[in-house]
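Beneath this line is the structure, given in structure tokens, with notes to follow.
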Amino acid sequence: MVMLDEPMAGVNPALKQSLLDHIVALREQGTTVLFVEHDMNMVRHIADWVTVMAQGEIVAEGPPKTVMNDQAVIDAYLGSHANIDLGDDSVLDDGVPAGPTAARE
């Protein structure tokens, strides 16, 4: 198991892509990766399971798409940005899967 605390915070796009590639490679090798991250655009592409917390309490958990559509998550974190298209994922190259695919241990 690898644990990361906000690995994308303050990282330039090139390094962000490199980190994503390493996380995906670990996942493909069967390694469990547990991380805290606020970049939901990135999270929705590489996470199999998401737990959203607010003030020490679990707000929602489940597959990323389900969690991002949860009204409690929208109210707590996404707010008026909930309906904004997250774009074409230009920060993610073709090596990052478009959805959760990794097997979990």
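Residues 1 to 105 in the working numbering are what the sequence shown lists, from first letter to last. In this text, a Cβ means the ideal position worked out from N, Cα and C, and glycines have one as well.
Span of the alpha helix (DSSP H) around residue i
i	result
glutamate 28	13-28
isoleucine 74	Isoleucine 74 -> no alpha helix (DSSP H), and no H or E assigned at all.
threonine 66	64-68
methionine 8	Segment: none, methionine 8 is in no alpha helix (DSSP H) and carries neither H nor E.
methionine 1	No alpha helix (DSSP H) holds methionine 1; DSSP gives it neither H nor E.
valine 45	In the sequence as displayed, the identity of residue 45 is histidine instead of valine. Looking at the DSSP string, the run of the alpha helix (DSSP H) that includes histidine 45 is 40-46.
Beta-carbon spacing of residue i, residue j below 8 Å
i	j	result
phenylalanine 35	proline 64	no
methionine 49	glutamate 61	Residue identity check: residue 49 is tryptophan in the sequence provided, not methionine. Going by C-beta atoms, tryptophan 49 is nearer than 8 Å to glutamate 61.
valine 2	valine 33	yes
Nearest residue (CA-CA) to residue i, options the options
i	options	result
valine 59	Asp48, Ile74, Asp21, Met42	Ile74
serine 18	Met42, Val67, Asn69, Met68	Met42
alanine 25	Pro13, Ile46, Ala14	Ile46
methionine 68	Ala54, Arg44, Ile23, Gly56	Arg44
glutamine 55	Asn12, His22, Tyr77	Tyr77
Residue i Cβ short of 7 Å to the ligand MN heavy atom set
i	result
glutamine 71	This structure does not include the ligand MN; it has no bound ligands of any sort.
Contact set for residue i: own chain, Cβ-Cβ below 6 Å, skip 5 residues either direction
i	result
aspartate 94	Per-residue confidence for aspartate 94 stands at a pLDDT of 46, beneath the threshold of 50, marking its modelled position as unreliable; the derived number appears in the next sentence. Hits under 6 Å: none found.
Sequence-distant residues of its chain with Cβ nearer than 8 Å to residue i (five each side left out)
i	result
isoleucine 84	The predicted position of isoleucine 84 is uncertain, since its pLDDT is 48 and thus under 50; no value can be drawn from it.
Strand pairing of residue i, partner residues [DSSP]
i	result
isoleucine 58	Met53
Sequence-distant residues of the same chain with beta carbon closer than 7 Å to residue i, five excluded per side
i	result
glycine 10	none
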